[in-house]
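As you go down the protein sequences, you meet chains G and X in turn. The numbering used here numbers the first residue of the first sequence as 164 and each following residue consecutively. The numbering used here numbers the first residue of the second sequence as 479 and each following residue consecutively. The C-beta atom is built at its ideal place from N, Cα and C for all residues, glycine as well. Small disclaimer: the values here were computed from a predicted structure and weren't measured. Note sheet for the following structure.
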Amino acid sequence: MSGVPGPGLFPLPASPGVLRGLELAMAVVAAVPASLALGWPVLTLVAEAVGRGGAEISLRRLAAWLARRTPGAVVLAIGLAFPPFLLGLALYGEAVLSAAAQMAWLWLAVIPLLFLGVGSSFWVALRRRGAEPSTLRPFLPDVVESYILAFRRRGIERAGAAVTVLCLVSLLGVGFVLVAHGVLVARPDLWGPVAGIPDGWGLPLRDPQLLPRLLFALLGALALSGFAVAWHGADREAAGEAAYGRAALRFGVVWFGAATALELLAAVWLVLSLPGPVGKAALAGGAGSLLWTALGAAVAAVTLAVVAAAAEEPRQYVLGAAVAVAVSLIAETAVRQRIRDAALAGIPDIALRAGMLQPGSMMLFIVVSVLGAGLVAYLLWATSGSRRAF
Amino acid sequence: MPFQAWAIPWLGNELPRAVVGYLFAVACYFTVGASLLMVVLEHRAQREGNQFLLSFLQDWSRFILLMTTVLGLVLAAGAWLVAAVTEPAAVFVLTRVLFWVWGILWVLAGLALCSGLLHYSGWGAVAPGHHLVVGWVMAGCAWGSLFVVNGILAFLLDPGAWLETGRLLDGFFNATFNPSLLVHAGLALGIGGLFTLVAGAETDPPRLRSVLVRTASWFALAGFTLAPVGEAWQVAVMPPAAREALFGPSGHGPGVFAIGPALAILIVAFLATGPLVRTAVTPRPLAFLLLLLGLAAAGVSGWSREAARAPWVISGYLQVNGLGPREANAARVEGFLRRARYARSRTTANAAAGEPASAGQELFRFQCGCCHTTTGVRGLRRIVQGWDVETIDHQLGRLEKLRGVMPAFAGTDAERRALARWLASLAVPKGGKP
Numbered sequence: 164m165s166g167v168p169g170p171g172l173f174p175l176p177a178s179p180g181v182l183r184g185l186e187l188a189m190a191v192v193a194a195v196p197a198s199l200a201l202g203w204p205v206l207t208l209v210a211e212a213v214g215r216g217g218a219e220i221s222l223r224r225l226a227a228w229l230a231r232r233t234p235g236a237v238v239l240a241i242g243l244a245f246p247p248f249l250l251g252l253a254l255y256g257e258a259v260l261s262a263a264a265q266m267a268w269l270w271l272a273v274i275p276l277l278f279l280g281v282g283s284s285f286w287v288a289l290r291r292r293g294a295e296p297s298t299l300r301p302f303l304p305d306v307v308e309s310y311i312l313a314f315r316r317r318g319i320e321r322a323g324a325a326v327t328v329l330c331l332v333s334l335l336g337v338g339f340v341l342v343a344h345g346v347l348v349a350r351p352d353l354w355g356p357v358a359g360i361p362d363g364w365g366l367p368l369r370d371p372q373l374l375p376r377l378l379f380a381l382l383g384a385l386a387l388s389g390f391a392v393a394w395h396g397a398d399r400e401a402a403g404e405a406a407y408g409r410a411a412l413r414f415g416v417v418w419f420g421a422a423t424a425l426e427l428l429a430a431v432w433l434v435l436s437l438p439g440p441v442g443k444a445a446l447a448g449g450a451g452s453l454l455w456t457a458l459g460a461a462v463a464a465v466t467l468a469v470v471a472a473a474a475e476e477p478r479q480y481v482l483g484a485a486v487a488v489a490v491s492l493i494a495e496t497a498v499r500q501r502i503r504d505a506a507l508a509g510i511p512d513i514a515l516r517a518g519m520l521q522p523g524s525m526m527l528f529i530v531v532s533v534l535g536a537g538l539v540a541y542l543l544w545a546t547s548g549s550r551r552a553f
Numbered sequence: 479m480p481f482q483a484w485a486i487p488w489l490g491n492e493l494p495r496a497v498v499g500y501l502f503a504v505a506c507y508f509t510v511g512a513s514l515l516m517v518v519l520e521h522r523a524q525r526e527g528n529q530f531l532l533s534f535l536q537d538w539s540r541f542i543l544l545m546t547t548v549l550g551l552v553l554a555a556g557a558w559l560v561a562a563v564t565e566p567a568a569v570f571v572l573t574r575v576l577f578w579v580w581g582i583l584w585v586l587a588g589l590a591l592c593s594g595l596l597h598y599s600g601w602g603a604v605a606p607g608h609h610l611v612v613g614w615v616m617a618g619c620a621w622g623s624l625f626v627v628n629g630i631l632a633f634l635l636d637p638g639a640w641l642e643t644g645r646l647l648d649g650f651f652n653a654t655f656n657p658s659l660l661v662h663a664g665l666a667l668g669i670g671g672l673f674t675l676v677a678g679a680e681t682d683p684p685r686l687r688s689v690l691v692r693t694a695s696w697f698a699l700a701g702f703t704l705a706p707v708g709e710a711w712q713v714a715v716m717p718p719a720a721r722e723a724l725f726g727p728s729g730h731g732p733g734v735f736a737i738g739p740a741l742a743i744l745i746v747a748f749l750a751t752g753p754l755v756r757t758a759v760t761p762r763p764l765a766f767l768l769l770l771l772g773l774a775a776a777g778v779s780g781w782s783r784e785a786a787r788a789p790w791v792i793s794g795y796l797q798v799n800g801l802g803p804r805e806a807n808a809a810r811v812e813g814f815l816r817r818a819r820y821a822r823s824r825t826t827a828n829a830a831a832g833e834p835a836s837a838g839q840e841l842f843r844f845q846c847g848c849c850h851t852t853t854g855v856r857g858l859r860r861i862v863q864g865w866d867v868e869t870i871d872h873q874l875g876r877l878e879k880l881r882g883v884m885p886a887f888a889g890t891d892a893e894r895r896a897l898a899r900w901l902a903s904l905a906v907p908k909g910g911k912p
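Rendered as C-alpha cells:
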C-alpha cells in the first residue's frame with residue numbers, strides 16, 4: 164500500500180483554486196432554486212389570501228402557478244445542494260463535519276423536514292378535485308389519493324393553503340439548520356478540540372451573526388422569489404395575457420423591492436456582527452470592492468424592476484434586472500466565501516493540502532458534464548419546441 | 479484522526495445508517511427498473527396506439543416521479559446527512575478519494591431527475607416522439623447512475639490496484655465490478671417489475687391488465703434470475719478476506735447470505751407459475767406478497783455486501799473506526815489518544831488533574847462508538863456482563879481474530895487496559911446498579 168497516502172493525509176482531488184472556483188459557481192447556481200423553494204410558499208400564501216379577498220382574481224391564478232412550480236424548485240434545490248456540500252466537505256471537511264456533530268440532532272432533523280417539505284409541496288401541486296382511478300391507489304388510502312390527485316387551476320383552496328404552511332414551516336426549518344451550521348463552521352471555538360464532547364444540541368444561539376444571517380437568507384429568498392414572479396409576469400404580458408401578466412409583474416416587483424431593501428439592512432447588520440479580525444480580513448482589499456459590487460448591483464436591479472413595473476414593454480427592463488441580480492448574487496457569494504475563509508484561517512490543521520490531480524476521473528467528469536449540459540439543452544428545446552407545435 | 483465523534487444514544491450509529499441506506503437503495507432500484515419498464519411500455523403503446531396503456535402510464539409516471547423525488551432524492555440527501563455525523567472520517571475520505579466520481583454520479587442522477595420532471599409534465603403536451611425520447615433519456619441516465627454507484631460499491635469492496643497505483647479506474651473496474659453490476663441490475667429490474675405488477679394487477683380493462691402483468695412479470699423474472707447469479711459470481715471473485723468475513727467462523731455465516739438467493743428463487747417460481755401463465759387473474763395481494771419478498775431479497779443482498787466488507791469502509795485502506803492500517807500501527811506505538819485531535823483525555827492516567835474525561839470512555843467513543851452503544855443496540859454492557867478486566871483486555875487484544883468483522887484495537891497496551899477497565903465498569907453487579 165505504498166502508492167496512496169493514508170486516509171488522514173489524502174490530498175485534495177484538484178488544486179484548491181479550482182475547487183474554490185467550482186464551489187463559488189455551484190453555490191451561486193444552487194442559491195437560485197433554494198431561494199425559490201423558500202420564498203415561493205410565502206408568495207403563494209399571500210397571493211392566495213389577497214386573491215381570495217376579491218381584490219385580484221389574477222393573484223389566485225398566480226398562487227396556483229406558484230404552487231405547481233414549487234415542487235420543481237424544491238427538487239432542484241436539493242439536487243443542486245449536493246455539489247456545494249461535497250466541495251465544502253472536500254475543502255473544509257474537518258470544520259463541516261465537526262460542526263455537524265456538535266448540532267447532530269438538528270442536522271438529522273433535516274431529513275424528516277425535507278420529507279415534509281418535498282411531500283407537501285407535491286401534495287399541493289398535484290391536487291385536483293375529483294379523484295379518478297389511478298395507479299397510486301394500490302399504494303395509498305383513497306382519502307390520501309384523492310387529495311394528491313386533486314388540483315384546481317383557480318387557486319389552492321383551504322387545504323392547499325394549510326399544506327403550503329406545512330411546506331413553508333418545514334423548509335424554514337431546513338433553512339434554519341443550514342444557516343446555523345454555517346455560523347457554527349465559522350466558530351472553531353464551538354466545534355474544535357476545546358469545544359468538548361458533542362451532545363448534538365450545540366447551536367450557536369448566542370452568536371451575534373446568527374440572527375442577521377437568518378434574516379439575510381430569508382430576505383434574499385423572498386427577493387429572488389419576487390423577482391422570478393416579476394419575470395413570469397413580464398413573460399405572460401408579452402404573450403398577450405395583459406391583466407394577469409401585469410398583476411404578477413407588480414406583485415413580484417413589490418416583493419423583490421421590499422425584500423431587497425430590507426436585505427441590504429440585514430447585510431449591514433451582518434457585516435457589523437462579524438468578529439473584528441474576521442471582518443477586517445474578509446472585507447479588506449478586493450473583498451471590499453466585491454461587497455460594494457453586490458450592493459450596487461442589488462440597487463440597480465431593484466431600480467430596473469421598478470421601471471419595468473411602470474413600463475409599457477417591461478421585458479427588456481426585467482432582463483436588465485436579471486443581469487444585475489446575477490452580478491449581485493455572484494459577488495455576495497464570493498464575499499461569504501471570503502468571510503468563511505477568514506474565520507477558518509487561524510486553524511493550523513484546516514490548511515488545505517496540495518491537490519493530487521486525478522486526471523482520468525476529472526476528464527471523465529468534464530466530458531460527462533459537457534454531454535449532460537448538451538442533453539439538457541436538447542431536452543428543453545425538444546419539449547418546449549414540440550409543446551408549441553403539438 | 480481529525481474529527482469529532484458523536485453517537486446516537488441507544489440506537490447507535492450503524493442501525494440508522496443501515497435503515498436510511500436500505501430505503502435509499504429500494505428507491506434507486508425502483509427508479510432504475512420502473513423507468514425502463516415504463517418507457518418500454520410507452521414505446522409499445524405508441525406503436526399500437528393503445529390509449530388505455532398510455533393513460534395508465536401517465537398515471538404511473540406520477541408515482542415514479544413521487545418515488546424518485548420524495549423518497550429517492552430526500553433519502554440521497556439523508557444518507558449523506560446521517561453518514562456525516564455518524565461516520566465523519568469515512569465521509570471525508572470518500573469525498574476526497576471519489577470526488578470526481580460523485581460529480582459524474584450527480585450529473586447522471588440530475589439528468590434522470592430533470593428528464594423525469596419533463597417526462598411527467600409532457601404527457602399530452604409534448605409530441606409523442608419527443609416524449610418517448612425524454613423517457614429514454616430518463617431511463618438511460620438512471621441506468622448510468624446505477625453503473626456508477628455499482629463502481630463505487632465495487633471499489634469499496636475491492637480497491638484492487640488502486641492501493642498501489644493511486645489510479646482510481648484501477649480500483650473502479652475490479653474483479654467484482656461485473657458480478658456486482660449483475661446483482662444491482664437484477665434487483666433494479668426485479669423491484670421495478672414487482673412495483674409495476676402491483677399497480678397493474680386488477681387494472682381494467684382485462685386486456686390492459688394482461689399487458690401490464692405479463693411485461694412486469696418478465697422484468698421481475700429476469701431480474702430475480704440475474705441477481706442470485708451475480709451474487710454467486712461475486713462471492714467467487716471477491717477477495718479472500720471478504721469471503722472470510724461473510725462465511726468464516728467469525729463472520730455471519732452462509733445461512734443469512736443464502737436467504738437472498740432463496741427468496742429470488744421463490745419469486746421466480748411464483749411468477750413462472752402464476753402471473754406469467756394467468757395474466758388476467760393475478761390478485762393484488764399476491765403481487766404485494768411478491769413485492770415484499772423482493773424487498774426482503776434486496777435487503778439481504780445489501781446486508782451481505784456490507785458484511786463482506788467488514789471491518790473496512792474501503793477494504794485494506796480505511797476501517798470503520800476511521801483509521802487506516804498505517805494510522806492504526808502508529809497509534810499502537812505512539813498512543814491513540816495522543817494522536818486523536820478531539821480526544822478530551824490525552825493520557826491513560828485518568829487520575830491526573832485536568833483530565834476531563836476518562837481515557838477508557840474516550841477510547842470507546844472513538845473506536846467502539848461507530849458500531850456499539852453502551853446499553854442499546856449492540857450494547858457493550860450486556861456483552862461484557864460477567865467478564866472481569868482481564869477477560870475484556872484479553873478480548874480487546876485479539877478482536878480481529880476473535881471477531882473477524884471487527885478492526886484490531888488501535889492503541890498502546892496501557893490504552894487497551896484503560897478501555898478494558900472502563901468497559902468492566904459498565905457491567906451491572908448482581909442485584910445492583912453499575
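Problem set entry | Selection of the segment 602-630 of chain X by Cβ proximity to chain G, strictly under 7 angstroms | Those would be Ala603, Val604, Ala605, His608, Val611, Val612, Val615, in chain order.
Problem set entry | Of the residues X:Phe655, X:Val504, X:Leu672, X:Leu610, the one placed nearest Arg762 of chain X, counting alpha carbons only | The residue you call residue 762 of chain X lines up with position 284 of the second sequence. Cα-wise, what sits closest to Arg762 of chain X is X:Leu672.
Exercise. What number of angstroms, rounded off, separates the C-alpha of Thr466 of chain G from the C-alpha of Leu387 of chain G?
Worked result: As a first step, residue 466 of chain G is located in the first sequence; it is residue number 303 there, counting from the start. As a first step, residue 387 of chain G is located in the first sequence; it is residue number 224 there, counting from the start. Each residue's alpha carbon lies about 15 angstroms from the other.
Exercise. Of all the options X:Leu901, X:Gly889, X:Ala888, X:Leu880, which has the alpha carbon lying nearest to the alpha carbon of Glu929 of chain X?
Worked result: Only positions 479 to 912 of chain X appear in the structure, and residue 929 of chain X is not among them; the question remains open.
Exercise. Are there 16 or more other CB atoms within 10 angstroms of the CB of Val615 of chain X, so buried, or fewer, so exposed?
Worked result: Locating residue 615 of chain X in the second sequence gives position 137, counting from the first residue. Buried is the call here.
For this session: Measure the C-alpha to C-alpha separation of Leu542 of chain G and Gly594 of chain X and round it to an integer number of angstroms.
Result: As a first step, residue 542 of chain G must be located in the first sequence, where it is residue number 379. As a first step, residue 594 of chain X must be located in the second sequence, where it is residue number 116. The alpha-carbon atoms of Leu542 of chain G and Gly594 of chain X are separated by roughly 11 angstroms.
Exercise. Are any of the Cβ atoms in chain G nearer than 9 angstroms to that of Tyr820 of chain X?
Worked result: As a first step, residue 820 of chain X must be located in the second sequence, where it is residue number 342. By this cut-off, Tyr820 of chain X is an interface position.
Exercise. So the beta strand (DSSP E) Trp790 of chain X belongs to, where does it begin and stop?
Worked result: Your numbering for residue 790 of chain X matches position 312 in the second sequence. Run containing Trp790 of chain X: 790-792, per the beta strand (DSSP E) assignment.
For this session: Rank X:Glu565, X:Ala512, X:Ala567, X:Phe570 by C-alpha distance to the C-alpha of Leu544 of chain X and give the top, closest one.
Result: Against the second sequence, residue 544 of chain X aligns to sequence position 66. Of the candidates X:Glu565, X:Ala512, X:Ala567, X:Phe570, the one whose C-alpha sits nearest the C-alpha of Leu544 of chain X is X:Ala512.
For this session: Say yes only if the C-beta of Ser436 of chain G is nearer than 8 angstroms to one or more non-hydrogen atoms of the ligand ATP, and no if none qualify.
Result: The ligand ATP is not among the ligands present in this structure, which contains no ligands whatsoever.
For this session: Name the one or two DSSP bridge partners that Gln479 of chain G has.
Result: Translated into positions along the first sequence, residue 479 of chain G becomes position 316. None; Gln479 of chain G has no bridge partner.
Problem set entry | CB contact flag (Ala827 of chain X, Ala837 of chain X, <9 angstroms) | Indexing the second sequence from 1 puts residue 827 of chain X at position 349. Indexing the second sequence from 1 puts residue 837 of chain X at position 359. Yes. Within cutoff.
For this session: Rank G:Glu495, G:Asp504, G:Leu534 by C-alpha distance to the C-alpha of Val192 of chain G and give the top, closest one.
Result: In the first sequence, the residue the question calls residue 192 of chain G occupies position 29. Proximity to Val192 of chain G across G:Glu495, G:Asp504, G:Leu534 peaks at G:Glu495, based on C-alpha coordinates.
Exercise. Between Val798 of chain X and chain G, is there a C-beta pair that is closer than 9 angstroms?
Worked result: As a first step, residue 798 of chain X is located in the second sequence; it is residue number 320 there, counting from the start. Under the Cβ distance rule, Val798 of chain X does not count among the residues neighbouring chain G, no pair being separated by less than 9 angstroms.
Exercise. Taking Cβ to Cβ, would you say Val548 of chain X is nearer than 9 angstroms to Val498 of chain X?
Worked result: Along the second sequence, one-based indexing puts residue 548 of chain X at 70. Along the second sequence, one-based indexing puts residue 498 of chain X at 20. Going by C-beta atoms, Val548 of chain X is not nearer than 9 angstroms to Val498 of chain X.
Problem set entry | Listed by chain order, chain G residues near Ala776 of chain X by CB distance under 7 angstroms | Here residue 776 of chain X is taken as the residue at index 298 of the second sequence, counted from 1. Ordered by position in chain G, no residue passes the 7 angstroms Cβ test against Ala776 of chain X, which lies about 17 angstroms from the chain.
For this session: Check the Cβ of Phe142 of chain G against every Cβ in chain X and list those closer than 7 angstroms, keeping chain order.
Result: Beyond the ends of chain G as shown, which are 164 and 553, falls residue 142 of chain G; an answer cannot be given.
For this session: Let me know if His521 of chain X comes out buried or exposed under the rule of 16 or more other beta-carbons within 10 Å of its beta-carbon.
Result: Numbered from 1 along the second sequence, position 43 holds the residue referred to as residue 521 of chain X. Exposed, by the Cβ-count rule.
Problem set entry | Residue of X:Ala720, X:Trp558, X:Pro753, X:Ala483 minimising C-alpha distance to Pro789 of chain X | Here residue 789 of chain X corresponds to residue number 311 of the second sequence, with the count starting at 1. Checked all of X:Ala720, X:Trp558, X:Pro753, X:Ala483; the closest Cα to Pro789 of chain X is X:Ala720.
For this session: Just tell me which of G:Ala429, G:Leu378, G:Gly359, G:Leu276 has its CA closest to the CA of Val332 of chain G.
Result: For the purposes of this step, residue 332 of chain G is taken as residue 169 along the first sequence, with counting starting at 1. Considering only G:Ala429, G:Leu378, G:Gly359, G:Leu276, the residue with the shortest C-alpha distance to Val332 of chain G is G:Leu276.
Exercise. Quick one: Cα of Phe390 of chain G to Cα of Pro438 of chain G, how far?
Worked result: The count along the first sequence starts at 1 and reaches residue 390 of chain G at position 227. The count along the first sequence starts at 1 and reaches residue 438 of chain G at position 275. Just so you know, the alpha carbons of Phe390 of chain G and Pro438 of chain G end up roughly 33 angstroms apart.
Exercise. DSSP puts Gly184 of chain G in a beta bridge; with which residues?
Worked result: Sequence index remark: in the first sequence, residue 184 of chain G carries index 21 (1-based). Gly184 of chain G is not bridged to any residue.
Problem set entry | Spatial distance of Leu647 of chain X from Gly638 of chain X (CA atoms) | Residue 647 of chain X sits at position 169 when you count from the first residue of the second sequence. Residue 638 of chain X sits at position 160 when you count from the first residue of the second sequence. The alpha-carbon atoms of Leu647 of chain X and Gly638 of chain X are separated by roughly 10 angstroms.
Exercise. Would the beta-carbon of Gly535 of chain G fall within 9 angstroms of that of Leu589 of chain X?
Worked result: Position 372 of the first sequence holds residue 535 of chain G. Position 111 of the second sequence holds residue 589 of chain X. Judged by their CB atoms, Gly535 of chain G and Leu589 of chain X are nearer to each other than the 9 angstroms cut-off.
Problem set entry | Backbone CA spacing between Ala740 of chain X and Arg783 of chain X [nearest angstrom] | For the purposes of this step, residue 740 of chain X is taken as the residue at position 262 of the second sequence. For the purposes of this step, residue 783 of chain X is taken as the residue at position 305 of the second sequence. If you take the alpha carbons of Ala740 of chain X and Arg783 of chain X, they lie about 16 angstroms apart.
Exercise. Closer than 9 angstroms, CB to CB, is Trp914 of chain X near chain G or not?
Worked result: Since the first residue of chain X shown is 479 and the last is 912, residue 914 of chain X is not available in this structure.
Exercise. With a CB to CB cut of under 6 angstroms and the five nearest residues on each side skipped, what residues in its chain are close to Gly408 of chain G?
Worked result: To locate residue 408 of chain G, count along the first sequence from 1; it is residue 245. Excluding positions up to five away in sequence, the list reads Gly396, Arg399, Glu400.
Exercise. Where Val575 of chain X and Gly323 of chain G are concerned, what is the direct C-alpha to C-alpha distance, given to the nearest angstrom?
Worked result: Position 97 of the second sequence, counted from the start, is the residue given in the question as residue 575 of chain X. Position 160 of the first sequence, counted from the start, is the residue given in the question as residue 323 of chain G. Approximately 45 angstroms, taken between the alpha carbons.
Exercise. Are Gly490 of chain X and Gly854 of chain X touching if we call contact CB-CB under 9 angstroms?
Worked result: Start at 1 with the first residue of the second sequence, and residue 490 of chain X comes out as number 12. Start at 1 with the first residue of the second sequence, and residue 854 of chain X comes out as number 376. Contact flag set, yes.
Problem set entry | Through-space distance from Pro356 of chain G to Trp203 of chain G, alpha-carbon basis | Taking the first sequence and counting its residues from 1, the one referred to as residue 203 of chain G is at position 40. Taking the first sequence and counting its residues from 1, the one referred to as residue 356 of chain G is at position 193. Trp203 of chain G and Pro356 of chain G have their C-alpha atoms some 41 angstroms from each other.
Exercise. Helix, strand or coil for Gln529 of chain X per DSSP?
Worked result: To locate residue 529 of chain X, count along the second sequence from 1; it is residue 51. Gln529 of chain X: helix per DSSP, three-state reduction.
Exercise. What is the DSSP secondary structure of Leu754 of chain X, reduced to helix, strand or coil?
Worked result: Along the second sequence, one-based indexing puts residue 754 of chain X at 276. In this structure, Leu754 of chain X counts as coil in the three-state DSSP scheme.
Exercise. With a CB to CB cut of under 6 angstroms and the five nearest residues on each side skipped, what residues in its chain are close to Ile510 of chain G?
Worked result: Taking the first sequence and counting its residues from 1, the one referred to as residue 510 of chain G is at position 347. Here the set comprises Pro351.
Exercise. Looking only at its own chain, which residues have a Cβ that is under 8 angstroms from the Cβ of Leu187 of chain G, when we skip the five neighbours before and after it?
Worked result: Counting from one through the first sequence, the residue named residue 187 of chain G turns up at place 24. Around Leu187 of chain G: Ile493, Thr496, Ala497, Gln500.
Exercise. Residues of chain G with a CB under 8 angstroms from the CB of Val571 of chain X: which are they?
Worked result: Residue numbering aside, residue 571 of chain X sits at position 93 when the second sequence is read from its first letter. Chain G residues near Val571 of chain X: Pro170, Phe173.
Exercise. Looking only at its own chain, which residues have a Cβ that is under 8 angstroms from the Cβ of Val715 of chain X, when we skip the five neighbours before and after it?
Worked result: The residue you call residue 715 of chain X lines up with position 237 of the second sequence. Answer for Val715 of chain X: Ala653, Thr654, Pro657, listed in chain order.
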